[in-house]
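Chains as they are written, first to last, in our numbering: chain A, 46 to 381; chain B, 34 to 538.
Idealized CB from N, CA, C, for every residue including glycine.
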């Protein structure tokens, strides 16, 4: 009986906690329960969530990608540079960013697979490189229409309406102009990654690599190709996050996106605890991102000061990790 | 009794329900090299670990030079004069320090030597130690830049700096070349003259011939043979080590039909004799040999993990040169590797996912897996092989070793193979599961050539139509599994006929 209780707690504990949280805030904070508030929560987690889904793929193959935050801000700066300074059309800007993300992921993969650099170090190096690189073309300045360039000319390009639509459009659901575009993209990516990791043979092989790389290789899995693919997925999703951020802000703000890396990694790790998976999974990652978003929204509405936010996120993360690793190890210990 | 260096009496040790040592009696004499032989899992390393203080014995006594000896821990054992050089050399040296510092390392650890290192004194003493041991290397060289043999020498020299009564060497030549091994043997001769009692653990017959004064053999946690009258009876020692109780399994020998796999002049190592071998459709061929005989190498080459030095391989008459594991699998060559924990089991997966892993492509529509077909197929195999489980969604970790191994073998029986390679398929498997696996392999043998790589003779007698013996990277004997002349088989395995080719794996 005790075992079954433990099993139930591991499986549904986190979801029950999430439901409890929603009920509590709905009662305690007037205005929390409603479509506007829900849309706001979703909006606040969409970009973090997209990055978290990418890092989930690298966690699945037993790796880690520290460069996602830097890829996102690089995509932000690149899209601004492309549209404002080079005056490219929307499509070109978007594909430049996606290509950049894929290329960075590919280089990460090559560093890890061919040059045998440990994943954390390779992506840490890439993170530094990108943070530096994105400042060089503009001498460290943010990019906005009308800015004066190094050669004295004035940047005349603008963010096109189509590009801004990606970040600012709201669909009419229940209420007019409720659901923001980034949320729709977040949900779409979550579904795609969920299907890919959970239900395709490629996803299954990626989990096999993460669990026992040598055994996966000895059944003929092209381990290196899958690892590189995982980092490329991570790079592309991070660049999507950066594009959406740029489209929302409408300028190439050098200082945005500082928290992206930590928040998204936290969401992916919290995801381990959802449904007792004890491993990276897309559904868990999405729920993890939502959990943090709901908690912060509720606290904000109850007038908790903004500077307590990181503390709360940290506490949730540590609790989720204990949940995952301690309880699950007890379960597998008694599972015989 | 004082003339014994070490006397071990009735030593017992168990880990949980697993009895590893069942009453071991061993004596080591000063100035004599005692070779300890035993197959994997015979209990050699546990015995060594008890003697050098890593484990406590459950029962039994040890006497060191006539005094009771019960080491508290490894350090205590060393202090009392029992020094062990372990198999992995790099445990015995600090790669980033130079030779002199390595030789004097134990001096640096002692208290009361002052805070600062006296460089010149240290080098002088190191030079003395080195010359006493006949080591001729630059004392300022970094150990990581030295050859494996030199590192091994330094590890032994470090051990000798404590003037031990008993020196234990655990497979010291496993990574040495023949000439490097000769230098090690010269050093051992010197130590023997100095009156050290040496316990030398090895499988390698050429080593044993060179240095053994006595041989003791372990099997299943007990001493199964002890040989101390010269000339030593090496074949009897190998027999005692492998054991070949006749098994109840009767094999109806198949000679097979068409040749499937043909190896012509395949050379496994530089300087090894080339291999010629045919494996026919429907035939199960066992390749037996001691550790380092080259059978693992042959398996790796066949499965695309390594390249042969020379020669050709053909499958059904077509050239076969696999560039990778993926390539080998796509050409119908499947291998169930040894050490399933490291090489085969995906601990995070359930039985169905583990079993179907190599053939997910055939079980998906587009890229999407057909979970029902995956489960049905696994369930069929579970029934056929008698895998004991609640359902195919059980985690692989919930199964016993034998059942896990059945899953790993079943993995490669899902699709028809041209050549099926099984490397140590009975490793860590109880007798019941072993019979099930053997019966199933033989039952499904039609339509492919099956090669089974084994160290134990009785396992080969149980499963094979033909037994091919390997030694030093070459084939040294072949026996049809019918009224096998066991004496000749054992002689082949121990390398009685083989000539020294000068290669080690």
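With a CB to CB cut of under 6 Å and the five nearest residues on each side skipped, what residues in its chain are close to residue i?
i: residue 214(B); result: 206
i: residue 328(A); result: 239
i: residue 244(B); result: 66, 218, 221
i: residue 150(A); result: 276, 277, 279, 280
i: residue 455(B); result: 369, 485
i: residue 279(B); result: The predicted model places residue 279(B) with a pLDDT of 47, which falls under 50 and marks its position as unreliable, so this point remains unresolved.
i: residue 200(B); result: 116, 229, 231
i: residue 262(A); result: 268
How close, in whole Å, do the beta carbons of residue i and residue j come, if the pair is a contact with beta carbons under 8 Å?
i: residue 309(A); j: residue 176(A); result: Between residue 176(A) and residue 309(A) the Cβ distance is about 16 Å, and since that is not below 8 Å, they are no contact.
i: residue 117(A); j: residue 145(A); result: No, residue 117(A) and residue 145(A) are not in contact; Cβ-Cβ is about 11 Å, not under 8 Å.
i: residue 288(B); j: residue 504(B); result: No, residue 288(B) and residue 504(B) are not in contact; Cβ-Cβ is about 25 Å, not under 8 Å.
Which residue comes first and which comes last in the beta strand (DSSP E) that contains residue i?
i: residue 96(B); result: 92 to 97
i: residue 311(B); result: 308 to 313
i: residue 317(B); result: 317 to 321
i: residue 105(A); result: Element bounds for residue 105(A): not the beta strand (DSSP E) but the alpha helix (DSSP H), 80 to 105.
i: residue 117(B); result: 115 to 118
i: residue 217(A); result: 215 to 218
i: residue 447(B); result: No beta strand (DSSP E) holds residue 447(B); DSSP gives it neither H nor E.
i: residue 501(B); result: 499 to 504
i: residue 457(B); result: From DSSP, residue 457(B) is part of no beta strand (DSSP E); its letter is neither H nor E.
i: residue 282(A); result: No beta strand (DSSP E) holds residue 282(A); the alpha helix (DSSP H) holding it covers 268 to 294.
i: residue 431(B); result: Unbroken run through residue 431(B): none, as it is neither H nor E.
Tell me which same chain residues have a C-beta within less than 7 Å of the C-beta of residue i, skipping the five on either side of it?
i: residue 362(B); result: 391
i: residue 492(B); result: 459
i: residue 347(B); result: 295, 353
i: residue 312(A); result: 93, 94, 97, 330, 333, 334, 337
i: residue 317(B); result: 474, 475, 478, 483, 485, 496, 497, 498
i: residue 237(B); result: 206, 325
i: residue 222(A); result: 215
Taking the alpha helix (DSSP H) that residue i belongs to, which residues open and close that run?
i: residue 23(A); result: In the structure as shown, chain A begins at 46 and stops at 381. Residue 23(A) is therefore absent and cannot be evaluated.
i: residue 486(B); result: Per DSSP, residue 486(B) belongs to no alpha helix (DSSP H); it is in the beta strand (DSSP E), 482 to 487.
i: residue 305(B); result: Careful: residue 305(B) lies outside any alpha helix (DSSP H) and carries neither H nor E.
i: residue 328(A); result: 327 to 346
i: residue 361(A); result: 354 to 367
i: residue 158(B); result: 152 to 166
i: residue 72(A); result: 47 to 73
i: residue 540(B); result: Only positions 34 to 538 of chain B appear in the structure, and residue 540(B) is not among them; the question remains open.
i: residue 181(B); result: 181 to 193
i: residue 425(B); result: Premise fails: residue 425(B) is in no alpha helix (DSSP H) and is neither H nor E.
i: residue 513(B); result: Run containing residue 513(B): none in the alpha helix (DSSP H); it sits in the beta strand (DSSP E), 507 to 513.
By how many angstroms is the C-alpha of residue j removed from the C-alpha of residue i?
i: residue 100(B); j: residue 109(B); result: 15 Å
i: residue 92(B); j: residue 105(B); result: 15 Å
i: residue 323(A); j: residue 303(B); result: 48 Å
i: residue 166(A); j: residue 268(A); result: 20 Å
i: residue 400(B); j: residue 245(A); result: 5 Å
i: residue 307(B); j: residue 301(B); result: 7 Å
i: residue 134(A); j: residue 226(A); result: 20 Å
i: residue 63(B); j: residue 41(B); result: 14 Å
i: residue 162(A); j: residue 101(A); result: 20 Å
i: residue 339(B); j: residue 103(A); result: 29 Å
i: residue 82(A); j: residue 91(A); result: 14 Å
i: residue 266(B); j: residue 260(B); result: 7 Å
i: residue 133(B); j: residue 168(B); result: 12 Å
i: residue 130(B); j: residue 440(B); result: 47 Å
i: residue 217(A); j: residue 224(A); result: 7 Å
i: residue 522(B); j: residue 161(B); result: 49 Å
Tell me which same chain residues have a C-beta within less than 8 Å of the C-beta of residue i, skipping the five on either side of it?
i: residue 379(B); result: 386, 387, 390, 429
i: residue 196(A); result: none
i: residue 397(B); result: 403
i: residue 191(B); result: 125, 126, 135, 136, 138, 139
Are the C-beta of residue i and some C-beta of chain C separated by less than 9 Å?
i: residue 257(A); result: Absent from the structure is chain C; the protein chains it does hold are A and B.
Whole beta strand (DSSP E) runs in the stretch 333 to 414 of chain B with 3 or more residues, listed along the chain? DSSP runs (the beta strand (DSSP E)) wholly in the stretch 333 to 414 of chain B: 343 to 348, 366 to 369.
Pick out the complete beta strand (DSSP E) segments inside the stretch 37 to 70 of chain B, 3 residues or longer, and give them in chain order. Under the rule that a run must span 3 or more residues, the beta strand (DSSP E) segments found entirely inside the stretch 37 to 70 of chain B read 39 to 48, 51 to 61.
Fully enclosed by the stretch 254 to 297 of chain B, which alpha helix (DSSP H) runs are 4 residues long or longer? Correct list: 267 to 275.
With a floor of 4 residues, list each alpha helix (DSSP H) that falls wholly inside the stretch 210 to 257 of chain B, ordered by position along the chain. As far as the stretch 210 to 257 of chain B is concerned, its whole alpha helix (DSSP H) runs of at least 4 residues are 211 to 226, 238 to 244.
Start-end ranges of the alpha helix (DSSP H) lying completely within the stretch 104 to 167 of chain A, minimum 4 residues: 113 to 125, 135 to 158, all fully within the stretch 104 to 167 of chain A.
Runs of 3 residues minimum, wholly inside the stretch 171 to 226 of chain A: which ones carry the beta strand (DSSP E) assignment? Counting only runs of 3 or more, we get 215 to 218, 220 to 225.
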